[in-house]
Amino acid sequence: MNSNHINPTIDILLSTYNGGEYLQQQLDSILNQTYDNWKVLIRDDGSTDETLRIIESYSSTYPKKFKFVDTGSVRLGASQSFAGLMEYSDSDYIMFCDQDDVWLPKKVEQAYQKMKQTESNQDQPVLIHTDLTVVNENLELISDSYWDYQRLNINSVRLEQMLVQNHVTGCTVLINKALKNHCLPIPVDAMMHDWWIALIAGVFGKIEGISESSILYRQHSKNHIGAKKYTNLSLLLKLASLKDRNQIFQRTIKQANALLKNYHKKLSSAHKQILYDYVNISKQNWFLRMKIAFRYEFFKIGFWPKVSTAFHLLILKRER
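Letter by letter, the sequence shown follows residues 12 to 331 in this note's numbering.
If you want it as C-alpha coordinates, here you go:
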(Lines of atoms letter the chains of each structure in order from A; the text may use other names.)
(Lines give C-alpha, C1' and ligand atoms only; values in the text may rest on other atoms or scores of the structure.)
Protein backbone atom coordinates (compact mmCIF):
# COMPACT_ATOMS: atom_id res chain seq x y z
CA MET A 12 0.00 0.00 0.00
CA ASN A 13 1.07 3.57 -0.57
CA SER A 14 1.56 5.65 2.53
CA ASN A 15 -0.66 8.37 1.08
CA HIS A 16 -4.10 6.74 1.14
CA ILE A 17 -5.98 9.94 0.26
CA ASN A 18 -4.04 10.66 -2.93
CA PRO A 19 -1.99 7.56 -3.73
CA THR A 20 0.89 7.67 -6.18
CA ILE A 21 -0.29 6.68 -9.64
CA ASP A 22 2.32 5.20 -11.95
CA ILE A 23 1.97 6.40 -15.55
CA LEU A 24 3.57 3.91 -17.94
CA LEU A 25 5.06 5.30 -21.15
CA SER A 26 6.66 3.19 -23.87
CA THR A 27 8.43 5.22 -26.55
CA TYR A 28 9.77 4.52 -30.02
CA ASN A 29 10.96 7.33 -32.30
CA GLY A 30 8.38 9.69 -30.82
CA GLY A 31 10.50 12.81 -30.59
CA GLU A 32 8.23 14.93 -32.79
CA TYR A 33 5.34 15.06 -30.32
CA LEU A 34 6.81 13.73 -27.07
CA GLN A 35 7.44 17.08 -25.37
CA GLN A 36 3.79 18.10 -25.75
CA GLN A 37 2.73 14.81 -24.19
CA LEU A 38 5.08 15.16 -21.22
CA ASP A 39 4.11 18.80 -20.65
CA SER A 40 0.43 17.84 -20.58
CA ILE A 41 1.19 15.34 -17.81
CA LEU A 42 3.01 18.03 -15.85
CA ASN A 43 -0.15 20.15 -16.09
CA GLN A 44 -2.39 17.60 -14.37
CA THR A 45 -4.60 18.78 -11.49
CA TYR A 46 -3.82 15.52 -9.66
CA ASP A 47 -0.14 15.83 -8.89
CA ASN A 48 0.78 12.61 -7.07
CA TRP A 49 1.99 10.66 -10.08
CA LYS A 50 5.22 9.23 -11.45
CA VAL A 51 6.02 8.45 -15.09
CA LEU A 52 7.92 5.22 -15.73
CA ILE A 53 9.46 5.27 -19.20
CA ARG A 54 10.81 2.45 -21.31
CA ASP A 55 12.25 3.18 -24.75
CA ASP A 56 12.02 0.45 -27.37
CA GLY A 57 15.08 1.32 -29.43
CA SER A 58 14.57 4.89 -30.65
CA THR A 59 17.01 6.38 -33.13
CA ASP A 60 15.66 9.95 -33.16
CA GLU A 61 15.74 12.59 -30.41
CA THR A 62 13.41 10.63 -28.10
CA LEU A 63 16.18 9.57 -25.71
CA ARG A 64 17.50 13.11 -25.38
CA ILE A 65 14.03 14.43 -24.53
CA ILE A 66 13.45 11.71 -21.93
CA GLU A 67 16.83 12.32 -20.32
CA SER A 68 16.12 16.06 -20.20
CA TYR A 69 12.78 15.62 -18.41
CA SER A 70 14.09 12.93 -16.05
CA SER A 71 17.00 15.15 -15.01
CA THR A 72 14.83 18.28 -14.66
CA TYR A 73 12.03 16.45 -12.79
CA PRO A 74 13.79 13.45 -11.19
CA LYS A 75 10.90 12.70 -8.83
CA LYS A 76 8.36 12.70 -11.64
CA PHE A 77 10.03 10.96 -14.60
CA LYS A 78 12.03 7.74 -14.29
CA PHE A 79 13.87 6.22 -17.22
CA VAL A 80 13.49 2.48 -16.61
CA ASP A 81 15.03 0.99 -19.78
CA THR A 82 16.86 2.54 -22.72
CA GLY A 83 15.65 -0.14 -25.12
CA SER A 84 18.59 -2.52 -25.25
CA VAL A 85 16.10 -5.15 -26.50
CA ARG A 86 13.33 -4.39 -29.00
CA LEU A 87 10.07 -5.78 -27.61
CA GLY A 88 7.26 -4.08 -29.49
CA ALA A 89 4.56 -1.96 -27.84
CA SER A 90 2.59 -4.71 -26.11
CA GLN A 91 5.54 -6.42 -24.41
CA SER A 92 7.22 -3.09 -23.68
CA PHE A 93 4.17 -2.01 -21.69
CA ALA A 94 4.05 -5.45 -20.08
CA GLY A 95 7.60 -4.94 -18.82
CA LEU A 96 6.64 -1.58 -17.33
CA MET A 97 3.65 -3.19 -15.61
CA GLU A 98 5.94 -5.75 -14.02
CA TYR A 99 8.30 -2.99 -12.89
CA SER A 100 5.58 -0.87 -11.26
CA ASP A 101 4.73 -1.41 -7.59
CA SER A 102 2.00 1.25 -7.36
CA ASP A 103 -1.59 0.51 -6.35
CA TYR A 104 -2.79 2.25 -9.52
CA ILE A 105 -1.46 2.35 -13.08
CA MET A 106 -2.24 4.47 -16.14
CA PHE A 107 -0.96 4.00 -19.70
CA CYS A 108 0.42 6.76 -21.89
CA ASP A 109 1.14 7.05 -25.61
CA GLN A 110 3.99 9.24 -26.82
CA ASP A 111 2.07 11.52 -29.18
CA ASP A 112 -1.16 12.64 -27.46
CA VAL A 113 -2.10 15.54 -25.19
CA TRP A 114 -3.72 14.83 -21.83
CA LEU A 115 -6.44 17.20 -20.69
CA PRO A 116 -5.69 18.73 -17.25
CA LYS A 117 -8.22 16.69 -15.23
CA LYS A 118 -7.49 13.33 -16.86
CA VAL A 119 -5.80 11.67 -13.88
CA GLU A 120 -8.09 13.29 -11.31
CA GLN A 121 -11.31 12.21 -13.03
CA ALA A 122 -10.13 8.65 -13.63
CA TYR A 123 -9.07 8.24 -10.00
CA GLN A 124 -12.38 9.65 -8.73
CA LYS A 125 -14.21 7.09 -10.87
CA MET A 126 -11.92 4.36 -9.56
CA LYS A 127 -12.78 5.28 -5.96
CA GLN A 128 -16.49 5.13 -6.78
CA THR A 129 -16.16 1.75 -8.52
CA GLU A 130 -13.61 -0.13 -6.43
CA SER A 131 -15.50 -1.90 -3.62
CA ASN A 132 -12.27 -3.38 -2.27
CA GLN A 133 -8.68 -3.60 -3.42
CA ASP A 134 -9.01 -7.28 -4.30
CA GLN A 135 -11.55 -6.49 -7.03
CA PRO A 136 -9.95 -5.98 -10.48
CA VAL A 137 -11.16 -2.66 -11.92
CA LEU A 138 -10.53 -0.89 -15.23
CA ILE A 139 -11.56 2.73 -15.85
CA HIS A 140 -11.44 4.20 -19.35
CA THR A 141 -12.72 7.33 -21.09
CA ASP A 142 -13.77 8.74 -24.43
CA LEU A 143 -11.22 10.61 -26.55
CA THR A 144 -11.19 13.72 -28.72
CA VAL A 145 -9.82 12.82 -32.15
CA VAL A 146 -7.47 15.46 -33.60
CA ASN A 147 -5.03 15.71 -36.48
CA GLU A 148 -1.27 16.16 -36.20
CA ASN A 149 -1.76 19.89 -35.52
CA LEU A 150 -4.35 19.20 -32.79
CA GLU A 151 -7.20 20.37 -35.03
CA LEU A 152 -10.54 18.71 -34.32
CA ILE A 153 -11.59 15.65 -36.31
CA SER A 154 -14.24 14.36 -33.91
CA ASP A 155 -15.17 15.30 -30.36
CA SER A 156 -16.00 11.65 -29.59
CA TYR A 157 -13.80 8.71 -30.55
CA TRP A 158 -16.54 6.36 -29.37
CA ASP A 159 -19.00 7.85 -31.88
CA TYR A 160 -16.32 8.13 -34.57
CA GLN A 161 -15.59 4.40 -34.30
CA ARG A 162 -19.24 3.46 -33.63
CA LEU A 163 -18.30 1.77 -30.36
CA ASN A 164 -20.73 0.53 -27.76
CA ILE A 165 -18.64 0.85 -24.63
CA ASN A 166 -21.39 -0.69 -22.49
CA SER A 167 -20.85 -4.03 -24.22
CA VAL A 168 -18.50 -5.94 -21.93
CA ARG A 169 -19.64 -9.45 -22.89
CA LEU A 170 -16.72 -11.80 -23.48
CA GLU A 171 -18.29 -12.95 -26.75
CA GLN A 172 -18.10 -9.47 -28.23
CA MET A 173 -14.76 -8.50 -26.67
CA LEU A 174 -13.09 -11.48 -28.33
CA VAL A 175 -13.64 -9.90 -31.75
CA GLN A 176 -13.49 -6.17 -30.90
CA ASN A 177 -11.66 -4.13 -28.29
CA HIS A 178 -13.46 -0.96 -27.21
CA VAL A 179 -10.93 0.03 -24.54
CA THR A 180 -8.22 2.47 -25.65
CA GLY A 181 -5.07 1.99 -23.58
CA CYS A 182 -4.04 5.65 -23.33
CA THR A 183 -7.28 6.43 -21.43
CA VAL A 184 -7.01 3.54 -18.98
CA LEU A 185 -6.55 3.46 -15.20
CA ILE A 186 -6.30 0.05 -13.52
CA ASN A 187 -5.76 -1.08 -9.95
CA LYS A 188 -3.10 -3.48 -8.68
CA ALA A 189 -5.58 -6.36 -8.43
CA LEU A 190 -6.18 -6.17 -12.18
CA LYS A 191 -2.49 -5.78 -12.93
CA ASN A 192 -1.72 -8.94 -10.97
CA HIS A 193 -4.45 -10.83 -12.84
CA CYS A 194 -3.10 -9.71 -16.23
CA LEU A 195 0.54 -10.63 -15.84
CA PRO A 196 2.35 -12.09 -17.59
CA ILE A 197 0.89 -10.72 -20.81
CA PRO A 198 1.38 -13.46 -23.43
CA VAL A 199 3.08 -12.82 -26.76
CA ASP A 200 -0.16 -13.92 -28.43
CA ALA A 201 -2.04 -10.94 -26.97
CA MET A 202 -3.21 -8.63 -29.78
CA MET A 203 -2.17 -5.60 -27.69
CA HIS A 204 -1.69 -4.97 -24.00
CA ASP A 205 -4.88 -2.91 -23.69
CA TRP A 206 -7.03 -5.55 -25.40
CA TRP A 207 -5.62 -8.24 -23.10
CA ILE A 208 -6.17 -6.11 -20.00
CA ALA A 209 -9.75 -5.37 -21.10
CA LEU A 210 -10.45 -9.08 -21.58
CA ILE A 211 -9.16 -9.93 -18.10
CA ALA A 212 -11.11 -7.06 -16.55
CA GLY A 213 -14.28 -8.15 -18.35
CA VAL A 214 -13.96 -11.76 -17.22
CA PHE A 215 -12.68 -11.36 -13.66
CA GLY A 216 -13.47 -7.78 -12.65
CA LYS A 217 -15.29 -4.64 -13.66
CA ILE A 218 -15.01 -2.15 -16.53
CA GLU A 219 -16.39 1.38 -16.17
CA GLY A 220 -16.34 4.03 -18.87
CA ILE A 221 -16.39 7.82 -18.54
CA SER A 222 -18.23 9.41 -21.46
CA GLU A 223 -16.25 12.65 -21.15
CA SER A 224 -13.06 12.89 -23.19
CA SER A 225 -9.80 12.99 -21.24
CA ILE A 226 -7.33 13.25 -24.07
CA LEU A 227 -6.54 14.77 -27.46
CA TYR A 228 -5.95 11.62 -29.51
CA ARG A 229 -3.53 12.69 -32.22
CA GLN A 230 -3.79 11.08 -35.65
CA HIS A 231 -0.75 11.23 -37.92
CA SER A 232 1.08 9.16 -40.52
CA LYS A 233 3.08 7.19 -37.94
CA ASN A 234 0.13 6.00 -35.83
CA HIS A 235 0.48 2.28 -35.05
CA ILE A 236 -3.28 1.76 -34.60
CA GLY A 237 -5.18 5.04 -34.36
CA ALA A 238 -8.73 6.07 -35.20
CA LYS A 239 -10.09 5.11 -38.59
CA LYS A 240 -13.56 6.33 -39.49
CA TYR A 241 -16.02 3.65 -40.54
CA THR A 242 -17.62 4.41 -43.91
CA ASN A 243 -19.27 2.17 -46.46
CA LEU A 244 -16.18 2.51 -48.67
CA SER A 245 -13.72 1.70 -45.88
CA LEU A 246 -15.72 -1.39 -44.95
CA LEU A 247 -15.83 -2.54 -48.57
CA LEU A 248 -12.05 -2.14 -48.74
CA LYS A 249 -11.74 -4.20 -45.57
CA LEU A 250 -13.90 -6.89 -47.11
CA ALA A 251 -11.53 -6.89 -50.09
CA SER A 252 -8.36 -7.28 -47.99
CA LEU A 253 -8.88 -11.00 -47.46
CA LYS A 254 -5.33 -11.91 -46.48
CA ASP A 255 -4.98 -9.17 -43.86
CA ARG A 256 -8.42 -9.82 -42.37
CA ASN A 257 -7.73 -13.55 -42.24
CA GLN A 258 -4.49 -12.95 -40.35
CA ILE A 259 -6.16 -10.59 -37.88
CA PHE A 260 -8.94 -13.08 -37.19
CA GLN A 261 -6.39 -15.82 -36.63
CA ARG A 262 -4.59 -13.59 -34.15
CA THR A 263 -7.81 -13.03 -32.17
CA ILE A 264 -8.17 -16.81 -32.03
CA LYS A 265 -4.60 -17.16 -30.70
CA GLN A 266 -5.34 -14.51 -28.08
CA ALA A 267 -8.50 -16.35 -27.01
CA ASN A 268 -6.52 -19.60 -26.81
CA ALA A 269 -3.95 -17.93 -24.54
CA LEU A 270 -6.78 -16.73 -22.28
CA LEU A 271 -8.27 -20.22 -22.16
CA LYS A 272 -4.96 -21.93 -21.39
CA ASN A 273 -3.56 -19.39 -18.93
CA TYR A 274 -6.74 -19.05 -16.86
CA HIS A 275 -8.33 -22.47 -17.30
CA LYS A 276 -8.55 -23.15 -13.56
CA LYS A 277 -10.06 -19.73 -12.80
CA LEU A 278 -12.59 -19.44 -15.61
CA SER A 279 -16.26 -20.25 -15.14
CA SER A 280 -17.61 -23.21 -17.11
CA ALA A 281 -19.63 -20.78 -19.27
CA HIS A 282 -16.55 -18.72 -20.15
CA LYS A 283 -14.55 -21.88 -20.88
CA GLN A 284 -17.19 -23.04 -23.35
CA ILE A 285 -17.31 -19.65 -25.08
CA LEU A 286 -13.53 -19.60 -25.45
CA TYR A 287 -13.35 -23.23 -26.56
CA ASP A 288 -15.92 -22.69 -29.30
CA TYR A 289 -14.23 -19.50 -30.50
CA VAL A 290 -10.76 -21.06 -30.52
CA ASN A 291 -12.03 -23.98 -32.60
CA ILE A 292 -14.29 -22.03 -34.95
CA SER A 293 -11.80 -22.15 -37.83
CA LYS A 294 -11.88 -25.96 -37.70
CA GLN A 295 -15.58 -26.03 -38.58
CA ASN A 296 -17.28 -25.91 -41.97
CA TRP A 297 -18.93 -22.65 -43.01
CA PHE A 298 -22.39 -23.72 -41.81
CA LEU A 299 -21.20 -24.58 -38.29
CA ARG A 300 -19.11 -21.39 -38.16
CA MET A 301 -22.19 -19.28 -38.78
CA LYS A 302 -24.24 -21.31 -36.33
CA ILE A 303 -21.62 -20.80 -33.60
CA ALA A 304 -21.15 -17.13 -34.45
CA PHE A 305 -24.87 -16.36 -34.26
CA ARG A 306 -25.33 -18.43 -31.11
CA TYR A 307 -22.73 -16.40 -29.22
CA GLU A 308 -22.93 -13.21 -31.30
CA PHE A 309 -19.24 -13.24 -32.18
CA PHE A 310 -19.64 -9.98 -34.08
CA LYS A 311 -18.42 -6.40 -33.98
CA ILE A 312 -20.93 -3.70 -33.06
CA GLY A 313 -22.92 -2.14 -35.92
CA PHE A 314 -24.56 -3.45 -39.09
CA TRP A 315 -21.64 -3.16 -41.53
CA PRO A 316 -18.97 -4.29 -39.04
CA LYS A 317 -21.23 -7.28 -38.32
CA VAL A 318 -21.49 -8.05 -42.04
CA SER A 319 -17.71 -7.74 -42.33
CA THR A 320 -17.15 -10.12 -39.40
CA ALA A 321 -19.57 -12.68 -40.84
CA PHE A 322 -17.93 -12.49 -44.26
CA HIS A 323 -14.45 -13.07 -42.90
CA LEU A 324 -15.69 -15.94 -40.78
CA LEU A 325 -16.98 -17.55 -43.95
CA ILE A 326 -13.71 -17.25 -45.85
CA LEU A 327 -11.46 -17.97 -42.85
CA LYS A 328 -8.94 -20.64 -43.79
CA ARG A 329 -10.11 -23.95 -42.38
CA GLU A 330 -7.74 -25.71 -40.00
CA ARG A 331 -7.54 -29.45 -39.63
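Virtual Cβ for every residue (Gly too), placed ideally from N, Cα, C.
Comparing alpha-carbon positions, the option among Ile292, Ile23 and Phe93 lying closest to Ala201 turns out to be Phe93.
In the three-state reduction of the DSSP assignment, Met126 falls in the helix class.
Below 8 Å, too few C-beta pairs join the stretch 152 to 166 and the stretch 206 to 214 to call them touching: fewer than three.
Here the alpha carbons of Ala122 and Ser131 stand approximately 15 Å from one another. Taken through DSSP and simplified to helix, strand or coil, Met106 comes out as strand.
Bridge partners of Thr72 according to DSSP: none are assigned. Using a Cβ distance threshold of 8 Å, Leu42 and Leu96 do not count as a contacting pair. For Asn192, the enclosing alpha helix (DSSP H) begins and ends at Lys188 to Cys194. In the three-state reduction of the DSSP assignment, Ile197 falls in the coil class, being assigned neither a helical nor a strand state. Phe298 counts as exposed, since fewer than 16 other beta carbons sit within 10 angstroms of its beta carbon. Taking a 10 Å sphere around the C-beta of Lys277, we find fewer than 16 other C-beta atoms and assign the residue as exposed. The continuous beta strand (DSSP E) containing His140 extends over residues Val137 to Val146. Residue nearest to Gln37 within the set Phe322, Glu98, Met173 and Phe107 is Phe107 (criterion: CA-CA distance). As the crow flies, the alpha-carbon of Asn268 is around 10 Å from that of His275. Boundaries for Leu25: no alpha helix (DSSP H) harbours it, while the beta strand (DSSP E) harbouring it runs Ile21 to Thr27, taken from the DSSP string.
Each of Asp111, Ser293 and Ser102 was checked against the Cα of Leu150, and the nearest Cα belongs to Asp111. In terms of CA proximity to Gln172, Ile264 leads the group Ile264, His231, Ile139 and Lys76.
Nearest C-alpha to Gln35 among Tyr69, Lys50, Ser26 and Thr141: Tyr69. The residue from Ser90, Lys188 and Gln44 with its alpha-carbon nearest to that of Gly216 is Lys188. Of all alpha-carbon atoms in Tyr228, Lys302, Tyr307 and Thr20, the one lying nearest the alpha-carbon of Lys283 is that of Tyr307. Contact annotation, Lys191 with Ile105: C-beta distance approximately 6 Å; criterion of less than 8 Å satisfied.
When the beta-carbon positions are compared, Met126 and Leu195 stay at least 8 Å from each other.
In its chain, beyond the 5 residues on either side, no residue has a beta carbon closer than 6 Å to the beta carbon of Pro74. In the DSSP annotation of this structure, the continuous segment of the beta strand (DSSP E) that includes Tyr228 starts and ends at Lys217 to Arg229. The C-beta distance from Phe309 to Leu170 rounds to 10 Å, too long to fall under 8 Å, and the pair is not in contact.
The DSSP-derived three-state label of Leu325 is helix. In the assembly as shown, Ala281 is an exposed residue. Its beta-carbon has fewer than 16 other beta-carbons within 10 Å. Here DSSP, grouped into helix, strand and coil, assigns Val85 to coil. A residue is called buried once 16 or more other Cβ atoms fall within 10 Å of its Cβ, and Asp22 is buried on that count.
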